[in-house]
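J.: When we follow the numbering used here, the leftmost residue of the sequence shown carries the number -19, and every step to the right adds one.
In this text, a Cβ means the ideal position worked out from N, Cα and C, and glycines have one as well.
Below are the C-alpha cells for one structure; questions will follow.
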Amino acid sequence: MFSVFLLVTLFSFSTGDQDFAQMIGRVDRVEYLGGGLVVSGWACQKGVFKSVSVGLYLGSDRRSGFPLKISRADQASSKGIANICDTQGVPHGFKFYLNYEEMKKFVRKKIYVYGFSSNQGRFSAISNSGRYRVGIPYMKYTDITLLRRTFDLQPLATFDDQHLNLIPMPGNGYALEAQYIPYEKGSERISTSTQLAKSVSSATLAYDVKFHRNFEFVKGGKLHGLAGGGQASGCVPIDPKSWSVRVKFGAEGRVGLYTYHQDRVARCGDGYQGNDSFRFERDTWYRIELFVQLNSGANNADGYIELFINGKKIVEEQGLRLTGSDRVAIDKFQFSTFHGGSSALWSPSKKVYAYFDNISVKQGRKIYGLKGAECENEKAGIYNGSGACCSSSCGACGGPGCGQLNGGSSACCTSEIINSAPLCSYPGQTAPCTM
C-alpha cells in the first residue's frame, strides 16, 4: 500500500532533454499464479533509454481508485516492445503480484496501471487500464486439487441454468441455491458436467449441502457425483466408455449412491443404500465426501466407492467394474440434482430449494470431514487429515485454529507447502509455513 505523497516522492526524477517523450504501454495479462493474481505488461517513454516507474490502482482511475502498489518496468520484454519504445536493449516489462488477502479485499475491482513521466511529473494510464478486474480468489494447494468452486465472496457470476442463483447465507457467506421445480417425472433436471484439470484413477469429490426447511424429499432424487467418458445417466444403455457415480437422497432424507457401471442390473443405474439410521435433516449443513477408485483394468471388477457425511462413512461398495475402457478414467464433476424418477409420484408439491457450497475434487482418497472443511473453507488454510496450516498462523506451528484440528497443534506443519498458504502466495517465493 502507498500514498500519493509516497508516489510523488518515489517518482521524482531529474528532467532533461528526453523528458517530453511520450509514455506508452499496455496491460497484457491478468492471471492466477501460485494462489494469487499476477498483473503483467510493459511501459516506457518512447526514445528514453531507462525504465519507468508504474503504479497499480484498483477500483477506478488514479483520481478515485485505491493506490495499492508501485514497481519499475524493468523486467525482460520482447524485441518488439523495444522497437515500439525505440530503446533497443532496455527492458520494459512489469509484474504486480496480489496475494489471497489482497484479492479477497479487492475482488471484482477494475485494474488500472499508470506510468510516471519524469519529464512532466505526471501519471499516464497505459493501454487496457480498466479492462480487467481482480479475479475471485482461490488457493492452489499441493494436494492436487482438480476442481474448486466456492461462493462465499459473492462473485459477479451468472448461470445459464435458470434453476441456479447465488444468495447470501446468514453467517456463512454466499451459497449456490438450486430450485427444484415440479414436473411430470419429479422435478426439472439440473445437470451439467465440468471437466477436471486432468484424468485420474481415484478421486474425492467434496461439497456442502443444506436442504431448505420446507424441502420435500418425496421418493428421492439425485445429488452431484463423479464420472468419466460420455453420458452415463438418463437410462442410456451400458457403454464401456462411459460411467458415473452420484449421491442420491431418498424418502424421509435417506441417502445412498447411484451408479452407472459396466455390469449394472437396472437399466437406469444400480443403487446402493447407506446406513439406514442416517437421515438428512432440513435446514442443516452437511459435508459430503465421495471417494471413487476405478477398477484396475477394463475387465477387472475391483472398483471401489465410499460415501462419507460429516466424516462418517455411510456407504461402501466394492467389486465394481465402473469403466469398461482402460482409456476412460475419472475426468468429470457432475453437477446433477433433481427429484426422480419416472412419474409424478416423485414430484414435490411445490418449488423447493437446496443450497451448495465449497465444492472440490482432489486426486486420491482425501476424507477430511468437518475439520478439514473448516480449515480450508472458513480459515483459508490447508489440511491433510492429520495437521493444518491456517492463514492466521502462516509461518508458525500451532497457531490459532490449528490446535482445534485432528492431532492438535503438534501435528501442524509436518510437510512442505510451496506457494499455497494464503498469506505466503507470492510467486517465486517459498511459503514460510509448513505442514
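Does any residue of chain B bring its CB to less than 8 Å from the CB of D337?
T.: The structure shown contains no chain B; it holds only a single protein chain.
J.: What number of angstroms, rounded off, separates the C-alpha of A105 from the C-alpha of F86?
T.: When rounded, the distance between both Cα atoms is 20 Å.
J.: Looking at the secondary structure, which residues open and close the beta strand (DSSP E) in which G35 lies?
T.: Segment S33 to L38, the beta strand (DSSP E) holding G35.
J.: Hey, V295 and G254: beta-carbon distance below 8 Å or not?
T.: Cβ atoms of V295 and G254: closer than 8 Å.
J.: Give me the Cβ distance between Y335 and K190, rounded to the nearest whole Å; I'm assuming they're in contact under 8 Å.
T.: Right, the Cβ-Cβ distance comes to about 5 Å (below 8 Å), so this counts as a contact.
J.: On the DSSP letters alone, give me the boundaries of the beta strand (DSSP E) that N338 sits inside.
T.: Its beta strand (DSSP E) spans residues V332 to Q343.
J.: Looking only at its chain, what residues have a beta carbon closer than 8 Å to the beta carbon of D8, apart from the 5 residues adjacent to it on each side?
T.: Correct list, in chain order: S20, G21, W22 and N108.
J.: With A62 as the anchor, note down where its alpha helix (DSSP H) starts and where it stops.
T.: Here the alpha helix (DSSP H) through A62 covers K59 to C65.
J.: Could you please give the first and the last residue of the uninterrupted alpha helix (DSSP H) stretch that includes Y80?
T.: Run containing Y80: Y80 to F86, per the alpha helix (DSSP H) assignment.
J.: By DSSP, does G325 sit in helix, in strand, or in coil?
T.: First, the residue type needs correcting, since residue 325 is Leu and not Gly in the sequence shown. Helix.
J.: Return the CA-CA distance between I161 and G283, expressed in angstroms with no decimal places.
T.: If I take the Cα positions, the gap works out to 35 Å.
J.: Checking 8 Å against the spacing of the C-beta atoms, do F288 and R345 come in under that value?
T.: Their beta carbons are not under 8 Å apart, which means F288 does not touch R345 by this criterion.
J.: What does the alpha-carbon distance come out to for the pair L302 and A158?
T.: Roughly 29 Å between the two C-alpha positions.
J.: Looking at the secondary structure, which residues open and close the beta strand (DSSP E) in which L146 lies?
T.: Where L146 is concerned, the enclosing beta strand (DSSP E) stretches over L144 to P148.
J.: Could you check where the beta strand (DSSP E) with R274 kicks off and where it finishes?
T.: Before going further, note that residue 274 is Leu rather than Arg in the sequence given. Where L274 is concerned, there is no enclosing beta strand (DSSP E), given that its DSSP letter is neither H nor E.
J.: Taking the beta carbon of S224 as the centre, do at least 16 other beta carbons fall within 10 Å, making it buried, or is it exposed?
T.: Label assigned to S224: buried.
J.: Given a threshold of 16 other Cβ atoms within 10 Å of its Cβ, counted over all protein chains shown, does T174 qualify as buried or as exposed?
T.: Result: exposed.
J.: Could you check which residue in L325, D337, G349 and R193 has the C-alpha nearest to that of E164?
T.: Nearest option by C-alpha distance: L325.
J.: Please list the terminal residues of the continuous beta strand (DSSP E) segment that includes G27.
T.: First-last for G27: undefined, no H or E at that position.
J.: V189 lies in the beta strand (DSSP E); which residues open and close that run?
T.: Looking at the DSSP string, the run of the beta strand (DSSP E) that includes V189 is S182 to F191.
J.: Going by C-alpha distance, which of C215, Q314 and I347 is nearest A207?
T.: It is Q314.
J.: Rounded to whole angstroms, what is the Cα-Cα separation between V34 and E297?
T.: Taking the straight line from one Cα to the other gives about 59 Å.
J.: Could you name the residues that DSSP lists as bridge partners for F46?
T.: F46 is bridged to L38.
J.: Would you report the Cα separation of A246 and K90, rounded to the nearest angstrom?
T.: Approximately 53 Å, taken between the alpha carbons.
J.: Relative to the C-alpha of L146, which residue among V341, A353 and Y333 is closest?
T.: The residue with the shortest Cα to Cα distance from L146 is Y333.
J.: Quick one: residues in its chain with C-beta nearer than 8 Å to the C-beta of C193, no 5 flanking neighbours on either side, listed in chain order?
T.: The amino acid at residue 193 is misidentified as Cys; the sequence shows Arg. So the qualifying residues of the chain are R262 and D263.
J.: Indicate, with yes or no, if the ligand GTP has a heavy atom lying under 7 Å from the CB of R52.
T.: As presented, the structure is devoid of all ligands, the ligand GTP included, so that no description of it is given.
J.: Are the beta-carbon atoms of L17 and V93 separated by less than 8 Å?
T.: No.
J.: Mind checking K59: buried by the 16 CB within 10 Å criterion, or exposed?
T.: Classification of K59: exposed, given that the 10 Å Cβ count is below 16.
J.: Buried or exposed for K330, please, with buried defined as at least 16 other CB atoms from any protein chain shown within 10 angstroms of its CB.
T.: Exposed is the call here.
J.: Output yes or no for whether 8 Å exceeds the beta carbon distance between R52 and S31.
T.: The answer is yes: Cβ separation under 8 Å.
J.: Would F29 be called buried (16 or more neighbouring beta carbons within 10 Å of its own) or exposed?
T.: That one is exposed.
J.: Please state the DSSP three-state secondary structure of A207.
T.: Correct three-state label for A207: strand.
J.: Can you tell me the Cα-Cα spacing of S171 and T317, whole angstroms?
T.: Distance between the alpha carbons of S171 and T317: 7 Å.
J.: State the DSSP-derived secondary structure class of E157, mapped to helix, strand or coil.
T.: Reduced to three states, the DSSP call for E157 is strand.
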